[in-house]
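Written below as structure tokens is the structure these notes are about.
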Ligand code: 3UK
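Numbering (the working numbering), first residue to last: 81 to 624.
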């Protein structure tokens, strides 16, 4: 069945006994043996007579219809196959900020039956090298401005046969090559279970892990969370900050809008101010970003009245990547009258599997299980725990974890279930309440304390712009709760604020959870996807 001539991906799948169980219970998840997800999402739209709909927009007036994107993707696919010798199953690294050309490259790779390996723009030569090695990357397409670090990594890796740059006006650039090729392409008839994406985890420690996703996984993701929770319409305009190299961004800013024929705005720069300005300029209706970005944008969103309830365009707001503090949900609601749609997803699962729409959102809970998935909470022996008891989150559905050639597969998948590494409890109504990452759980004098709960309480205080909580070793209590605080401008860091914040937490949640130590910082360590790096704070603490 496979179309792959280069069998690297298939040869490095986890052994079948270590793979998760896959569920295809929804009628919309019945897949034929042959499936190319790019054809489903792009060619079919044009075949259906909707080629003139607007697909991609970007600053500077760029506007591509579905037909335009198809033409560009087909030309690039021809370059890959006829000039660069790509064969089905080859791995093609993609490097660039979010842009229409990056999207066209992604579709070109998939159409050619190859495997897209999108990478975060901020990665350096060392990290790119690890990805080239792990994925045994054969080709790369790179935004010219980001070429330097990639060239450095490729220099010592002869297995990378070709690097082509886009945004490159020279004769050797991708655009010149595209001009030599037709805008028609013979799509490769890939198997539904051919790998088409290697997504590297934004993991915190150790060598990066490559998760493998099939053509059918991409379409399954488009048929679970979007139609059941987000419910986008063809006239929606998507916008947001996550990079296409992060599956949160790939789904939310490219695949999901295209799955309903909507349009999407791809931004190279996404600071809170830039995002606010772009929402206004493009009259965006659906926003995808991380909790900290909602917090940072709230006042600007209020002042510029960007939400539909206040006369602007914005209708739906999605948060994922890390826990959404109840304080941030309330702040955004107050500023915009929009209830955020929270959802937990993971690179291993491709996208969101527990979530709640704006009508069913409950502050403090992530939501209920997304149709197509099952979730449960278990103890250390993987036995299901009673309602209300904190334990480990396990999920299964049409997508699931396959690490490429990695012994850590056994940690994530056991008995067919995917273990995300999160501590949760489920309430009597089936809502899942996030507690912490399992390795971020603080145990102080015998009490289990989830760092996010303390952060949540601190963020309700007007002097706190951002904060992070960790457990630090303590002679007497085993661990104590320590908070790192970025004060809001106009509030002075010092002893007085320390005791004020401590008292505030004691009044807000159970007093034993209050931070016995507080340190003020100008900023907090975060990943490129906006995740707090608590481990760096732990390192900083133990290093002192
Ligand atoms: C944490 C959350 C609480 C959680 C992701 C949406 O974040 C994504 O993927 P990653 O592989 O990280 C997965 C881990 O991040 N997390 C994510 N969302 C939430 N914790 N509430 C949330 N809403 O620890 C999870 O295990 O980087 C998110 C879609 C696609 C993604 N890849």
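Note that CB positions come from ideal geometry on N, CA and C, so glycine has one too. Computed from a predicted model, the values in this text were never measured in an experiment.
Straight-line CA distance for residue i to residue j?
i	j	result
residue 288	residue 174	17 angstroms
residue 412	residue 378	6 angstroms
residue 320	residue 219	28 angstroms
residue 603	residue 302	36 angstroms
residue 280	residue 438	30 angstroms
residue 207	residue 232	11 angstroms
residue 274	residue 398	30 angstroms
residue 96	residue 543	52 angstroms
residue 188	residue 156	6 angstroms
residue 569	residue 384	21 angstroms
residue 391	residue 418	12 angstroms
residue 534	residue 113	49 angstroms
residue 244	residue 341	30 angstroms
residue 563	residue 409	21 angstroms
residue 128	residue 186	22 angstroms
residue 178	residue 134	17 angstroms
residue 566	residue 532	16 angstroms
residue 406	residue 222	40 angstroms
residue 176	residue 380	28 angstroms
Quick check on residue i: does DSSP put it in helix, strand or coil?
i	result
residue 228	helix
residue 209	helix
residue 540	coil
residue 427	helix
residue 134	strand
residue 245	strand
residue 255	helix
residue 373	helix
residue 633	With the chain covering 81 to 624 only, the question about residue 633 has no answer from this structure.
residue 387	strand
residue 81	coil
residue 308	helix
residue 587	helix
residue 200	coil
residue 73	Given a span of 81 to 624 for the chain in the structure shown, any question on residue 73 remains unanswerable.
residue 592	helix
residue 174	strand
residue 518	helix
residue 562	strand
residue 268	coil
Can you tell which of the options has its C-alpha closest to the C-alpha of residue i?
i	options	result
residue 271	279, 293 and 264	293
residue 453	304, 591 and 496	304
residue 108	307, 226 and 387	307
residue 286	562, 129, 211 and 366	211
residue 197	327, 266 and 343	327
residue 295	166, 517, 191 and 474	191
residue 584	576, 605, 538 and 124	538
residue 427	470, 481, 224 and 528	481
residue 125	151, 110 and 457	151
residue 332	265, 421 and 249	421
residue 336	298, 102 and 357	298
residue 88	549, 276, 260 and 470	276
residue 139	194, 368, 102 and 347	347
residue 269	373, 116 and 147	116
residue 182	136, 606 and 591	136
residue 591	527, 374, 468 and 330	527
residue 404	424, 343, 415 and 416	424
Among the residues of its own chain, which have a CB less than 8 angstroms from the CB of residue i, if the five just before and after it don't count?
i	result
residue 442	436 and 511
residue 229	203, 204, 205 and 208
Does the distance from the C-beta atom of residue i to that of residue j stay below 8 angstroms?
i	j	result
residue 239	residue 216	yes
residue 515	residue 525	no
residue 581	residue 598	yes
residue 180	residue 84	no
residue 589	residue 551	no
residue 160	residue 184	no
residue 369	residue 393	no
residue 450	residue 457	no
residue 345	residue 317	yes
residue 513	residue 519	no
residue 470	residue 505	yes
Here's a check: name, in chain order, each residue in its chain whose Cβ is nearer than 6 angstroms to the Cβ of residue i, leaving out the five neighbours to either side.
i	result
residue 485	92
residue 376	352
residue 119	267
residue 193	83, 168, 268 and 270
residue 330	324
For residue i, which residues in the same chain have their Cβ closer than 7 angstroms to its Cβ, ignoring the five residues on either side in sequence?
i	result
residue 488	289
residue 98	489, 490 and 493
residue 553	559
residue 264	154
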